[in-house]
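Reading through the structure tokens given below for one structure.
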Amino acid sequence: MHGYKRMNEALQAILINSLRLRLELVEKRHRYLSFLIDNRKANEKFLQLEIMNIISSMPGIVDFLPEKPYDSENSNDKCDFWFKTDALDYWLEIKTRPTNYRNPGSSGRAITDSVDQIIADIDRLRKIQSESSERLVIFAFYPLYTDSYDTFNKTHLSRIEEFIGRKIPTPDISIPVGDALFNVYLAII
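Oh and the sequence shown: position 180 is 162 in my numbering, straight run, nothing missing.
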């Protein structure tokens, strides 16, 4: 896990390990990650629901709310998921983004647009200035292949790293799906 400022290490481990197990189970039972990869579909609700289910049952969580408005004056601008412990509240944006690697006929623009959307979420999170708030983004990119990592890391992941101001050396979760990988990254803002 990638050097979080204040998020309790036990909470990090529970979240990442529980999400990994759940994604593996969903793939084994339903081949849902295969469906997302084969059809190059983005389904944020799927990942949002899995994460909400895990977090809502984690020890130490005292409150949680999906789609919490960032600002009560502009209720149209909402964070994917908010949760609270006794010490901190956490604002979490969640994105799933298919790549166009090994997909003849598609352009590179789709991945660039996806990175732009993640950066826009990070920008919204940065507007939260409370000292008792932690800001997180979880994003999944798929399919990734051994031969696509160099391009992905240098061209796309590096833009996210530059925007958040720290390296993301590896995914927090990497689920093999055939010869592809479904990778999930968690970063503090």
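Backbone N, C-alpha and C define an ideal beta-carbon position, used for all residues, glycine too.
Buried versus exposed, by CB contacts within 10 Å (16 or more), E49: Reading the sequence shown from its first residue, position 67 is the one you call residue 49. Label assigned to E49: exposed.
The stretch 144 to 152 / the stretch 120 to 133 touching (three or more Cβ pairs under 8 Å): no
Distance, F145 Cα to L139 Cα: Within the sequence shown, residue 139 is the residue found at index 157, counting from 1. Within the sequence shown, residue 145 is the residue found at index 163, counting from 1. Roughly 10 Å between the two C-alpha positions.
C-alpha distance - K(-13) paired with I171, whole-angstrom precision: Looking up residue -13 in the sequence shown gives position 5. Looking up residue 171 in the sequence shown gives position 189. Residue confidence for K(-13) is low, a pLDDT of 48 falling below 50, so the modelled location carries little weight; the figure read from the coordinates is stated next. Cα to Cα, K(-13) sits roughly 9 Å from I171.
Beta-bridge pairing of P51 - partner residues as DSSP gives them: Stepping through the sequence shown from its first residue, residue 51 is reached at position 69. Beta-bridge pairing links P51 to K60.
Reduced DSSP secondary structure (H/G/I, E/B, other) of Y127: Within the sequence shown, numbered from 1, the residue matching residue 127 stands at position 145. DSSP places Y127 in coil when its eight states are reduced to three.
Supposed close pair L53, D59 - CB separation, criterion 8 Å: Here the question's residue 53 lines up with position 71 in the sequence shown. Here the question's residue 59 lines up with position 77 in the sequence shown. Just to set this straight, residue 53 is Asp in the shown sequence, not Leu. Yes, D53 and D59 are in contact; Cβ-Cβ is about 6 Å, under 8 Å.
Nonlocal neighbours in the same chain, by C-beta distance under 8 Å from S114, ignoring five residues either side: Mapped onto the sequence shown, residue 114 falls at position 132. Around S114: A69, L70, D71.
Sub-8 Å separation of I76 and F63 beta-carbons: Start at 1 with the first residue of the sequence shown, and residue 76 comes out as number 94. Start at 1 with the first residue of the sequence shown, and residue 63 comes out as number 81. Result yes, Cβ atoms of I76 and F63 sit closer than 8 Å.
C-alpha distance - S112 paired with I37, whole-angstrom precision: For the purposes of this step, residue 112 is identified with residue 130 of the sequence shown, where counting begins at 1. For the purposes of this step, residue 37 is identified with residue 55 of the sequence shown, where counting begins at 1. For S112 and I37, the distance between alpha carbons rounds to 21 Å.
Environment of A162 [buried if 16+ CB atoms lie within 10 Å]: Your numbering for residue 162 matches position 180 in the sequence shown. The residue is buried, with at least 16 neighbouring Cβ atoms inside 10 Å.
Under the three-state DSSP convention, the category A162 falls into: The residue labelled residue 162 in the question sits at position 180 within the sequence shown. Note: A162 maps to strand in three-state DSSP.
Neighbour-count burial assignment, R79, 16 or more Cβ in a 10 Å radius: Position 97 of the sequence shown, counted from the start, is the residue given in the question as residue 79. Buried, by the Cβ-count rule.
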